[in-house]
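As you go down the protein sequences, you meet chains A and B in turn. First residue of the first sequence? That's 459 in this note's numbering, and the numbers climb one at a time after it. First residue of the second sequence? That's 9 in this note's numbering, and the numbers climb one at a time after it. Cβ coordinates follow ideal geometry from the N, Cα and C atoms, glycine included.
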Amino acid sequence: MSQTYRATWAQCRAEMLRTIRNRRFVFFSILMPAAFFFIFTGTMDGGGMHNWAAYYLMSMTSYGVVGASLVTFSQRVSRERAQGWIRLLRMTPLPSGAYVLSKAAAQGAINIGLILVLFLTGGLSKSIDLPASVWIEAGLWIWAGGFAFMALGMLLGTMRNSDVVQVLATILYMSLSIVGGLWMPTSAMPQIMQTIAKFTPTYRMGQGPWALIGGQPVDWSGIGVLAVYMILFMVVSAYIMKKQEAV
Amino acid sequence: MKHEPAIQIDNVTKQFKDKKAVDRLSLTIEKGSVTALLGPNGAGKTTTVSMILGLMKPTSGTVKLLGGDPHDRAVRSRIGAMLQDTSVIDDLKVGETIDLFRSYYSRPLPLERLLAISGLGAERGKLAASLSGGQQRRLGFALAAAGDPEVLFLDEPTVGMDVTARALFWDTVRAMAGKGKTVLMTTHYLEEADQIADRAAVISQGRLIADGTPSSIKASATGRSISFTAGESLTRDMLLVVPGVADIDWKGSRVRLYSTDTDRLIGVLLERKMPMRDIEIQSGGLEEAFQNLLKKAQ
Ligand SMILES: Nc1ncnc2c1ncn2[C@@H]1O[C@H](COP(=O)(O)OP(=O)(O)O)[C@@H](O)[C@H]1O
Ligand SMILES: [Mg+2]
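Here it is in structure tokens:
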């Protein structure tokens, strides 16, 4: 038992090290959201939205977490599959659940750090003044939502061709972010687009924090939608992985 | 305790869509032995190893590893493997990768020792992905040995290694075998098998075609041969009717005749005044012996 624990912990640590060393992670999840934040809060006022900087910080933090979970995570899983690493692990005593669990746990820990860094950078530089409880709840919402995108990343990672995965993940990342209103608020979109946005997990990721900073009541069904997406992605990827292993 | 082999494969077949990769193969490997699974590319070696490790399911037949199921964690903690076509993990250093694998086992070998036996002491702090092909194979060996396994699987282990690395590698494997470990390796060189293994199981097209000590296989398969440059007027038909010719290999103007009795054959050839120049008589090297064996099986 303690052996499994020790192995899982070592696996978590290794996954965290690998993520932090990954340049794509640093670019997509920290530099790009931070740059977008400064550009769009510097040049626009969000159509007169009174807490535009806070609103956009929530959008960009979500955007960063989605990128980490979707783009870097999926490609790593796919590469490990293509390079035979997963096969090699299957003949070690490491339980296969421990591999997935430590990946998710490590990414979860990384996402906490990522949210803190972006909140601090944006909050301090633009003097965003929010109650501590709002910071915490908004951060937790984004963090929890991150798991739905990890599950999507895991699903993309079941494909062996990591170049295809990279392209597909990037397209999904950008389109989901735009349609879900992470780049531009959905309120600035035509009605039809606003309706479509409600179906995206990216919109649901921002929905809670946007309500929180505006002092509006929080619609908890948003978390429910994210949970449904997560379960759906997990079930499909578990099914595909089982099929791939049964050779 | 009753005697129990390390590996037992019983009448195993693996059918891919339109290809029978392993065909009714039976093999028992005793504990403490060093066995080479020998065969040309595509013979079914990797498929066999994959089935023993539980990475592939046999279409029919049974496989037992250490008396149990290879999917059993208790069994997995007693084995180690270097698989074919496995690359290294990205963004981890050599030392970190080895330590990660050490954490999977309850009684791992010390990191220093694993670095020493893989000859990667100086590369410890380098990213694994930056290693050369041969160094990556050696890292794979360190990972296979990390848990101090009882049974070690080595699938084409020396591909990409240079001469020095190869020598260190075989020394280490020999030392492990000396400590009573069971080693199952695959190779397509009889010479490699001869240097290290005390048993060679030769497979071709998924079937076992010979099984014994490498030297006995060598002896049974070695046909002696006579080779010469053919003169203009010589034809294949002229040679075929010469008694004692087992096989003819014709490359350009160079001809090789296989025979079990080359002394007699050379006499006959000279007597019949065959148009031949630059005559040589060979006692068949290892590789030739192996090739003969494969030819015979077809
Ligand atoms: N996953 C697979 N699907 C279909 N055919 C395969 C698969 N794996 C191996 N084969 C085929 O089975 C045969 C044996 O392959 P393999 O065991 O890799 O040979 P070896 O390791 O001796 O070179 C080859 O003809 C190969 O093409
Ligand atoms: Mg092979």
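Between B/Thr166 and ligand 2, is the CB less than 7 Å from at least one heavy atom?
Here residue 166 of chain B corresponds to residue number 158 of the second sequence, with the count starting at 1. For ligand 2, not one heavy atom lies less than 7 Å from the Cβ of B/Thr166.
Heavy atom of ligand 1 within 7 Å of A/Val705 beta-carbon = As a working note, residue 705 of chain A is residue 247 in the first sequence. Result yes, Cβ under 7 Å from ligand 1.
(Q) Would A/Leu588 and A/Ile497 be called neighbours here (beta carbons separated by less than 8 Å)? (A) Residue 588 of chain A sits at position 130 when you count from the first residue of the first sequence. Residue 497 of chain A sits at position 39 when you count from the first residue of the first sequence. Taking 8 Å as the Cβ cut-off, A/Leu588 and A/Ile497 do not qualify as a contacting pair.
Margin query: Would you call the segment 482-497 of chain A in contact with the segment 587-605 of chain A, where contact means no fewer than 3 C-beta pairs closer than 8 Å?
Written below: no
Please return the same chain residues whose Cβ sits closer than 7 Å to the Cβ of B/Ala89, not counting the five positions on each side in sequence. As a position in the second sequence, residue 89 of chain B is number 81, starting the count at 1. Result list for B/Ala89: Leu61, Ala152, Phe161, in chain order.
By alpha-carbon positions, which one of B/Ile217, B/Gln144, B/Ala205, B/Phe149 ends up nearest to B/Ser223?
Here residue 223 of chain B corresponds to residue number 215 of the second sequence, with the count starting at 1. Minimum Cα-Cα distance from B/Ser223 among the listed residues B/Ile217, B/Gln144, B/Ala205, B/Phe149 corresponds to B/Ala205.
Note to self: Which residues of the segment 467-485 of chain A have a Cβ closer than 9 Å to any Cβ of chain B? Give them in chain order.
What the structure shows: Trp467, Ala468, Gln469, Arg471, Ala472, Leu475, Arg476, Thr477, Ile478, Arg479, Asn480
message: Can you give me the C-alpha to C-alpha distance between B/Thr180 and A/Tyr521, rounded to a whole angstrom?
response: Working through the second sequence from its first residue, we reach residue 180 of chain B at position 172. Working through the first sequence from its first residue, we reach residue 521 of chain A at position 63. Cα-Cα distance, rounded: 51 Å.
Enumerated in chain order, which unbroken segments of the alpha helix (DSSP H) with a length of 4 residues or greater are wholly contained in the segment 74-141 of chain B?
-> Runs found: 81-84, 102-110, 119-126.
Quiz item: Within the present structure, is the beta-carbon of B/Lys53 separated from the nearest heavy atom of ligand 4 by less than 7 Å?
Solution: Within the structure as shown, ligand 4 is missing, the only ligands being ligand 1 and ligand 2.
Report task. Look up B/Phe236 in the DSSP assignment and say whether it is helix, strand or coil. Result -> As a working note, residue 236 of chain B is residue 228 in the second sequence. Three-state DSSP puts B/Phe236 in a strand.
Grouping DSSP H, G and I as helix and E and B as strand, with all else coil, what is B/Met9?
Within the second sequence, the letter at position 1 stands for residue 9 of chain B. Reliability of the predicted coordinates at B/Met9 is poor, the pLDDT of 48 falling under 50, and no value is obtained from them.
| message | Quick check: is the beta carbon of A/Val705 nearer than 8 Å to any beta carbon in chain B? | response | The residue you call residue 705 of chain A lines up with position 247 of the first sequence. Taking Cβ atoms only, chain B reaches closer than 8 Å to A/Val705, which makes this a yes.
Open item on the list: Is it the case that the segment 666-685 of chain A contacts the segment 525-532 of chain A, given that we only count it when at least three CB pairs across the two stretches are under 8 Å?
Closed with: No, because fewer than three Cβ pairs between the segment 525-532 of chain A and the segment 666-685 of chain A fall closer than 8 Å, the two stretches do not touch.
| Among B/Gly252, B/Ile87, B/Leu139, B/Arg232, nearest to B/Thr105 - alpha-carbon criterion | Your numbering for residue 105 of chain B matches position 97 in the second sequence. The shortest C-alpha separation from B/Thr105 is found at B/Leu139.
* **Nearest residue (CA-CA) to B/Ala137, options B/Asp98, B/Pro251, B/Arg115, B/Glu131** => By one-based count along the second sequence, residue 137 of chain B stands at place 129. For B/Ala137, the nearest C-alpha among the options comes from B/Asp98.
- Counting only the same chain and skipping the five closest in sequence on each side, list residues whose C-beta sits under 6 Å from that of A/Ala564. For this step, residue 564 of chain A is matched to residue 106 along the first sequence. Contacts found: Cys470, Glu473, Met474.
I need the DSSP call for B/Arg244, collapsed to helix, strand or coil. Taking the second sequence and counting its residues from 1, one reaches residue 244 of chain B at position 236. Three-state result, B/Arg244: helix.
Mark A/Trp678 as exposed unless 16 or more other C-beta atoms lie within 10 angstroms of its C-beta, in which case mark it buried.
On the first sequence, residue 678 of chain A is found 220 positions in, with the first residue counted as 1. Counting Cβ neighbours within 10 Å, A/Trp678 comes out exposed, since fewer than 16 surround it.
Give the range of the beta strand (DSSP E) segment to which B/Arg32 is assigned. Position 24 of the second sequence holds residue 32 of chain B. Note, B/Arg32: beta strand (DSSP E), 27-37.
Please tell me whether B/Ser267 has its Cβ less than 8 Å away from any Cβ of chain A.
One-based indexing of the second sequence puts residue 267 of chain B at position 259. Cβ-Cβ to chain A under 8 Å: no for B/Ser267.
Spatial neighbours of B/Asp170 within its chain, please: C-beta separation below 7 Å, excluding the five flanking residues on both sides. Translated into positions along the second sequence, residue 170 of chain B becomes position 162. So the list reads Gly142, once near-sequence residues are dropped.
Check B/Asp170 in the structure and name its three-state DSSP category.
Residue mapping note: residue 170 of chain B aligns to position 162 of the second sequence, counting from 1. Under the three-state reduction of DSSP output, B/Asp170 falls in the coil class, being neither helix nor strand.
Q. Is A/Phe577 helix, strand or coil by DSSP?
A. Taking the first sequence and counting its residues from 1, the one referred to as residue 577 of chain A is at position 119. If DSSP states are grouped into helix, strand and coil, A/Phe577 belongs with the helices.
Check this for me: beta carbons of A/Leu574 and A/Ala465, under 8 Å apart or not? Numbered from its first residue, the first sequence carries residue 574 of chain A at position 116. Numbered from its first residue, the first sequence carries residue 465 of chain A at position 7. Not in contact: A/Leu574 and A/Ala465 (Cβ atoms no closer than 8 Å).
Fill in: Rounded C-alpha distance that separates B/Val167 from B/Leu91
The count along the second sequence starts at 1 and reaches residue 167 of chain B at position 159. The count along the second sequence starts at 1 and reaches residue 91 of chain B at position 83. Their Cα atoms are separated by approximately 12 Å.
Which residues in chain B have a C-beta closer than 8 Å to the C-beta of A/Thr628? List them in chain order. Residue 628 of chain A sits at position 170 when you count from the first residue of the first sequence. In chain order: nothing, as chain B lies at least about 18 Å away.
Using a Cβ cut-off of 8 Å, which residues of the segment 545-573 of chain A contact any Cβ in chain B, in chain order? Only those residues of the segment 545-573 of chain A whose C-beta falls short of 8 Å from the nearest C-beta of chain B are listed: Arg545, Leu546, Arg548, Met549, Thr550, Pro551, Leu552, Pro553.
Margin query: For the segment 605-635 of chain A, list every residue whose C-beta sits within 8 Å of some C-beta in chain B, in sequence order.
Written below: none
message = Could you check whether the Cβ of A/Gly525 sits closer than 8 Å to any Cβ belonging to chain B?
response = Locating residue 525 of chain A in the first sequence gives position 67, counting from the first residue. By this cut-off, A/Gly525 is not an interface position.
Problem set entry | Range of the contiguous beta strand (DSSP E) that encloses B/Gln16 | For the purposes of this step, residue 16 of chain B is taken as the residue at position 8 of the second sequence. Start and end: 15-24.
Taking 7 Å as the cut-off, is the CB of B/Gln213 close to at least one heavy atom of ligand 2? Translated into the one-based positions of the second sequence, residue 213 of chain B becomes position 205. Because no heavy atom of ligand 2 lies under 7 Å away, the Cβ of B/Gln213 does not count as near it: no.
- Just how far apart, CA to CA, sit A/Ile568 and A/Ser620? If you number the first sequence from 1, residue 568 of chain A lands on position 110. If you number the first sequence from 1, residue 620 of chain A lands on position 162. C-alpha separation (whole angstroms): 22 Å.
* Cβ atoms of B/Gly103 and B/Gly127: under 8 Å apart, would you say? -> Along the second sequence, read from residue 1 onward, the residue named residue 127 of chain B stands at position 119. Along the second sequence, read from residue 1 onward, the residue named residue 103 of chain B stands at position 95. No, they are not a contact pair.
(Q) For ligand 1, I want to know if B/Phe24 counts as a neighbour, meaning its beta carbon is within less than 7 Å of at least one of the ligand's heavy atoms. (A) Here residue 24 of chain B refers to the residue found at position 16 when the second sequence is read from its first residue. Yes, the beta carbon of B/Phe24 sits closer than 7 Å to at least one heavy atom of ligand 1.
Per the DSSP calculation, B/Tyr266 is bridged to which residue(s)?
Within the second sequence, the letter at position 258 stands for residue 266 of chain B. Its beta-bridge partners are B/Ser233, B/Asp255.
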